[in-house]
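Peer 1:
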Amino acid sequence: MKFITGAALSALTLSFASLPAFAGDIEAGESAFQSQCQNCHNVTNEAGDVLAGRPNMRTGPNLYGVIGRQPGVVDGFRYGASLVEVGESGVVWDEEVMVAYLLDPTTYLRDALDDRRARSQMSFRVRDEATARDIIAFLGQFGAVEKEEAAAEGS
Ligand code: HEC
Numbered sequence: 001m002k003f004i005t006g007a008a009l010s011a012l013t014l015s016f017a018s019l020p021a022f023a024g025d026i027e028a029g030e031s032a033f034q035s036q037c038q039n040c041h042n043v044t045n046e047a048g049d050v051l052a053g054r055p056n057m058r059t060g061p062n063l064y065g066v067i068g069r070q071p072g073v074v075d076g077f078r079y080g081a082s083l084v085e086v087g088e089s090g091v092v093w094d095e096e097v098m099v100a101y102l103l104d105p106t107t108y109l110r111d112a113l114d115d116r117r118a119r120s121q122m123s124f125r126v127r128d129e130a131t132a133r134d135i136i137a138f139l140g141q142f143g144a145v146e147k148e149e150a151a152a153e154g155s
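Residue numbers 1 to 155, in the UniProt record's numbering, belong to the letters of the sequence shown in order.
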């Protein structure tokens, strides 16, 4: 940090302050998460604090820090083979990938793997793209900042 001038530093701070940049609306995303996602998922940080949804909800994987990471890698969750395979192919959960997945998980997996027999274990679809983007903006709050900071430190 000692080689960075004050101006560059405040530019850096500004760019962090404006992260993450998602198209959706966080508040609308929170209520959509509550009505559509928390029957199966929650958001629990490394310390075990439940930041969204209910404790002990393990039907679907913990969604803490999901944006920006590889699909299918939450420890101890038994994913379907297709989602794990997509993750191993180098895909990362960014906004566009997750919109496609949320609108139709099975079709997303089939297209991504070019395999008509690919299957999703998530039997739920978000009905419209705007709601999917709102939920993604909501989820983007959890874990992303820590990851940016770790990247900035070069760890
Ligand atoms: C009926 C239960 C259920 C509902 C409702 C549900 N999911 Fe899921 N979700 C799952 C399951 C099960 C998986 C694991 C899928 C697999 O292994 O193929 C999953 C996987 C995911 C993943 C991949 C996570 C990872 O670790 O790679 C994301 C992202 C996700 N769901 C988001 C959502 C969002 C957002 C909603 C609300 C719009 C939602 N899900 C609603 C059951 C559900």
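By construction, the Cβ of each residue, glycine as well, lies at the ideal position given by its N, Cα and C atoms.
Looking at C-alpha atoms only, which residue of Glu153, Leu113, Ala130 and Gln141 is the closest neighbour of alanine 23?
Peer 2: That would be Ala130, whose Cα lies nearest to the Cα of alanine 23.
Peer 1: Quick one: residues in its chain with C-beta nearer than 7 angstroms to the C-beta of arginine 116, no 5 flanking neighbours on either side, listed in chain order?
Peer 2: Cβ neighbours of arginine 116 beyond the five flanking positions: Arg110.
Peer 1: Does at least one heavy atom of ligand 1 sit under 7 angstroms from the Cβ of tyrosine 64?
Peer 2: No - ligand 1 has no heavy atom lying nearer than 7 angstroms to the Cβ of tyrosine 64.
Peer 1: So is asparagine 39 buried or exposed if we call it buried at 16+ other beta carbons inside 10 Å?
Peer 2: By the 10 Å Cβ count, asparagine 39 comes out exposed.
Peer 1: Can you tell which of Ser120, Leu113, Glu46 and Leu102 has its C-alpha closest to the C-alpha of valine 32?
Peer 2: Position check: residue 32 holds alanine in this sequence, whereas valine was assumed. Nearest of Ser120, Leu113, Glu46 and Leu102 to alanine 32, Cα basis: Leu102.
Peer 1: Could you give the first and the last residue of the continuous beta strand (DSSP E) run that contains valine 50?
Peer 2: Segment 50 to 52, the beta strand (DSSP E) holding valine 50.
Peer 1: How about glycine 29 and aspartate 134: are their beta carbons less than 8 angstroms apart?
Peer 2: Yes, these two residues count as a Cβ contact at 8 angstroms.
Peer 1: Is glycine 80 close to ligand 1? I mean its beta-carbon at under 7 angstroms from any heavy atom of the ligand.
Peer 2: At least one heavy atom of ligand 1 is nearer than 7 angstroms to the Cβ of glycine 80, so yes.
Peer 1: Any idea what DSSP makes of serine 155, helix, strand or coil?
Peer 2: Note that serine 155 scores 48 on pLDDT, short of 50, meaning its location in the model is unreliable; the coordinates nonetheless yield the value given after this. Of the three classes helix, strand and coil, the one that applies to serine 155 here is coil, per DSSP.
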